[in-house]
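Please read the structure below before turning to the comments.
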Amino acid sequence: MSSEHVDEISGVTTTGHEWDGIRELNNPLPRWWVITFYVTIAWALAYTIAYPAWPMLSSATKGVLGFSSRNDVKNEMAAAEIGKAKYVAAIQSKTVSEIATDDALREFAVAAGGAAFKVNCVQCHGSGAQGSTGFPNLNDDDWLWGGKTEQIQQTITHGIRFAPDADTRQSEMPAFVDVLKPEQIDQVGAFVASLSGPVRDKTLIEPGAKIFADNCAACHGENAKGNRELGAPDLTDAIWLHGSGEAAIASQVRAPKNGVMPAWVGRLGETTVKELAVYVHSLGGGE
Amino acid sequence: MLDQSQVERLEAEAVNSARTRQPLYAARKKIFPKRASGRFRQFKWLVMAITLGIYYLIPWLRWDRGSFAPDQAVLIDLANRRFYFFFIEIWPQEFYYVAGLLMMAGVGLFLITSTVGRAWCGYTCPQTVWVDLFLVVERAIEGDRNARIKLDAAPWTARKLFLRISKHAVWLVIAAATGGAWIFYFADAPKLLGEVIAGMAAPVAYVTIAVLTGTTYVFGGLMREQVCTYMCPWPRIQAAMLDENSLTVTYNDWRGEPRSRHAKKASAVGQTVGDCVDCNACVAVCPMGIDIRDGQQLECITCALCIDACDSVMDKLGRERGLISYATLADYNANMTVATSGGTGPVDPALVRTASGSFADGLAHFHLGKIFRLRTYVYLGAWSAIGLVLVYSLLTRERLELNVLHDRNPQFVTLSDGSIRNGYTVKLLNMIPQPRTIEVTLQGLDGGEMSIVGIDQPASRSFSVPVEPDRLKTLKIFVRQPADQIKKPAQSFQFRIDDKASSESAEYTASFNAPEKDK
């Protein structure tokens, strides 16, 4: 029992441990400190009763306060919905061009439309709406069916060449493989390419122009500027949905690809379609 | 039958016998500090008035910043993320000023501690200041030390109950005022006061007041010295910062020992006696309840009240002041060497005095030069350097900035006429509380023009944009360059913003991307 070490200076026993000659005095703790320590233990126990804590066989105790983080999320989502309600109601009652001219509404619609775009549209149009061959770039200023907010809304609502929707935008570029001879197709391809850039063989242009006037001008116009009523593209500009250059043009004349866009109103509802229209219009090419 | 004396006595002792039992915990011993008076007490009153005055009054100072910013001189506006300090307004990205101030506070504490010891603890620590304030209340209601000891020991009577309730009530009022003052730093003080009284303030205001009322009351009224001794890490750190040239409150036993309550009788019979008359005045006034004559202790906050107490006793006895004084360890050791003949014997006060009774030559006395040494110069240099950098950066900081974010998806867009368009998110920071008209201009990028979403104007190389006071304005800018002007896939150009009224400007170099040309 006499193995207890007593510190010479203070006359206090030490804990008996020694670190490099340093010993810890075994002074009694202050009473308030000990009480505080016990209170924290009691607090911790009470906490595990008040809140979900103790693991049971299939789940954990629920806690008497009924706290649940899922409920918290649910409440926050409900609060967010209430916060949005004012804007959503305004978007429901207004036309897209009215929405686009109201700063606060436009900001809200662009944010909401951007979110809907990332879920529903990026699969074809790309995450930056930049499109790819066969899928239009929505950032640019070339619009097959019109780039005003109402026109974009119409396109998203009813789709393009989407059979189940009676109001869908309908037009079809016919295949000329059986109508024109292969050399005629090359000639018209060269003519169309010459409208926006140099071609390899300039002698093809003149006969090509004649073939264009006879076969293509009905839809694309005499000056090849296209016709939005029919979704016929402007053939004089720098933007080519199905690829630029004589070969790509000739291929599109021979056996055209006619892309399809589904009608979205049934799936997304009118409000979201309006938001999407305002968002697409805001990308920089809107008219 | 055995005789009683034949029973063998075993050497055994209970493990928890009363003789060896140690208490698991110790109750606090109550301290009844006596009121001191003297130079340091005067100084402490002054420091208390200044620090409490700053704390309670600062939120009520007004500072006119025009109609677009609050007029409270010091305001931490958490909702809008602004910090106002008189003529300075700090945005969140300028938080490094606060970091710099904290570094100065840290180095400043090193400087103070290495020179004048635990001055922070003894004079300016909020714990010290509020305990001092609470002791004023205690003395006013219950009387000074002896009356309080008597009252504490007395049985509970109506009078004792009345005094105790009064004391705690006043403490609680002070504590509530302390907690209440805190919230005024975070909102317009006059308006918030009205709201708090009317019960209309935010719940966080009431919670803050409640928590700070509780801590002030418990720490300042109930726990007092326990906070310093057991809860605060600073005494441990500060002790490590002292060296032999730092001032500490010191009992000069080289002139005080051997202490005697009956000095005249003792010296009459030829005993050596020191200056200490063992009156315990120094112990009675100590708010930490310690005896400074036991030497430097962790508990000592160096409030110097024992110096005042001892000096007044020395004055009455007609002896020199300074039996307890601020002294450095080096001086103390030098004088101890003299008084103990080089450490060979006990303290003999006769050795430090001449025949006429004055101090002998060659004793070490403190003078101000002693606290200036390499270490303090280094601290002072670091402290000043940080301060100068902060002041310089504050004087030269920009109040008009722009940040530019280039669209990456898509990086560029080909338009129908073949020109290329790039999109940018441009943020204009108007960091003054005045509305401004900012001119946004393109520099470089031949033939390039821009259009700004939401501003219905034809494409141009320059736009005037109104910016709200003290706000960030985000612009979506599309920049377009004709096909024949595009020289390479990545070109550099600048967005420049100008405030013509104040001739402030800023530039940001951005990149304009175009597709690789087919060859």
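Taken in order, these protein sequences are the chains called A and B. Number 287 marks the last residue of the first sequence (this note's numbering); no jumps. Number 806 marks the last residue of the second sequence (this note's numbering); no jumps. Every residue gets a Cβ at the ideal spot worked out from N, C-alpha and C, and that includes glycine. None of the values given here were measured: they were computed from a predicted structure.
Residue i, enclosing beta strand (DSSP E) - first and last residue
i: Glu-18/A; result: 14-19
i: Leu-241/A; result: Careful: Leu-241/A lies outside any beta strand (DSSP E) and carries neither H nor E.
i: Thr-615/B; result: 611-615
i: Asn-800/B; result: 791-800
i: Glu-24/A; result: 22-25
i: Gln-778/B; result: 777-786
i: Ile-363/B; result: 361-364
Host alpha helix (DSSP H) of residue i (start-end)
i: Phe-382/B; result: Unbroken run through Phe-382/B: none, as it is neither H nor E.
i: Asn-709/B; result: Here Asn-709/B belongs to no alpha helix (DSSP H); instead the beta strand (DSSP E) covers 707-717.
i: Arg-254/A; result: 246-254
Exposure of residue i, with buried meaning 16 or more beta-carbon neighbours within 10 Å
i: Val-385/B; result: exposed
i: His-654/B; result: exposed
i: Arg-326/B; result: exposed
i: Ile-470/B; result: buried
i: Ile-337/B; result: exposed
i: Ser-612/B; result: buried
i: Asp-785/B; result: buried
i: Phe-212/A; result: buried
i: Ala-488/B; result: buried
i: His-281/A; result: buried
i: Val-39/A; result: exposed
i: His-17/A; result: exposed
i: Val-494/B; result: exposed
i: Leu-689/B; result: buried
i: Ser-2/A; result: Confidence at Ser-2/A is low in this model, with a pLDDT of 46, below 50, so its placement is unreliable and the value that follows should be read with caution. That one is exposed.
i: Phe-117/A; result: buried
i: Gln-291/B; result: exposed
i: Pro-753/B; result: exposed
Local conformation of residue i per DSSP, three classes
i: Val-600/B; result: helix
i: Glu-755/B; result: coil
i: Phe-327/B; result: helix
i: Ile-341/B; result: helix
i: His-244/B; result: Residue 244/B cannot be examined here, being either before or after the span of chain B that is shown, 288 to 806.
i: Ser-2/A; result: In this prediction, Ser-2/A has a pLDDT of 46, which is less than 50 and means its spatial position is unreliable; nothing more can be read from the coordinates.
i: Ser-132/A; result: strand
i: Asn-620/B; result: helix
i: Ala-647/B; result: coil
i: Thr-203/A; result: helix
i: Pro-182/A; result: helix
i: Leu-297/B; result: coil
i: Ala-100/A; result: helix
i: Glu-803/B; result: coil
i: Thr-95/A; result: coil
i: Ile-773/B; result: coil
Cα-Cα separation, residue i to residue j
i: Asp-562/B; j: Leu-610/B; result: 7 angstroms
i: Asp-530/B; j: Ser-401/B; result: 7 angstroms
i: Ser-251/A; j: Ala-770/B; result: 27 angstroms
i: Ile-719/B; j: Ala-793/B; result: 15 angstroms
i: Ser-751/B; j: Lys-714/B; result: 14 angstroms
i: Gly-464/B; j: Thr-500/B; result: The question names Gly, yet the displayed sequence has Ala at residue 464/B. Going by the C-alpha atoms only, they are around 8 angstroms apart.
i: Lys-806/B; j: Ala-109/A; result: Only weak support is given to the placement of Lys-806/B: the predicted model assigns it a pLDDT of 48, under 50, and the value that follows is read from those uncertain coordinates. So the two alpha carbons sit approximately 43 angstroms from each other.
i: Thr-15/A; j: Gly-21/A; result: 13 angstroms
i: Ala-255/A; j: Arg-267/A; result: 32 angstroms
i: Glu-307/A; j: Ala-788/B; result: Outside the shown range of chain A, which is 1 to 287, sits residue 307/A, and nothing can be said about it.
i: Pro-30/A; j: Ala-44/A; result: 22 angstroms
i: Val-727/B; j: Gly-285/A; result: 22 angstroms
i: Ser-554/B; j: Cys-515/B; result: 41 angstroms
i: Trp-145/A; j: Val-491/B; result: 56 angstroms
i: Ile-205/A; j: Met-173/A; result: 22 angstroms
i: Ser-97/A; j: Ile-152/A; result: 11 angstroms
i: Asp-743/B; j: Thr-101/A; result: 11 angstroms
i: Ala-647/B; j: Asp-565/B; result: 24 angstroms
For the region 680-706 of chain B, which residues have a beta carbon sitting closer than 7 angstroms to at least one beta carbon of chain A?
Asn-696, Pro-697, Val-700, Thr-701, Leu-702, Ser-703, Asp-704, Gly-705
With 7 angstroms as the C-beta to C-beta threshold (strictly closer), list the residues of the region 128-147 of chain A near chain B in chain order.
Gly-128, Gln-130, Asn-137, Asn-139, Asp-140, Asp-141, Asp-142
What residues in the region 701-735 of chain B bring their beta carbon closer than 9 angstroms to a beta carbon of chain A?
Thr-701, Leu-702, Ser-703, Asp-704, Gly-705, Ser-706, Arg-708, Gly-710
If the cut-off is 7 angstroms on Cβ atoms, which residues from the region 32-56 of chain A count as contacting chain B, listed in chain order?
Trp-32, Trp-33, Val-34
Please list the residues of the region 236-258 of chain A that have a C-beta atom closer than 7 angstroms to any C-beta atom in chain B, keeping them in chain order.
Asp-237, Ala-238, Ile-239
Chain A contacts made by the region 630-653 of chain B, where a contact means CB separation under 8 angstroms
none
What are the residues in the region 193-209 of chain A lying within 8 angstroms of chain B by C-beta distance?
Ser-196
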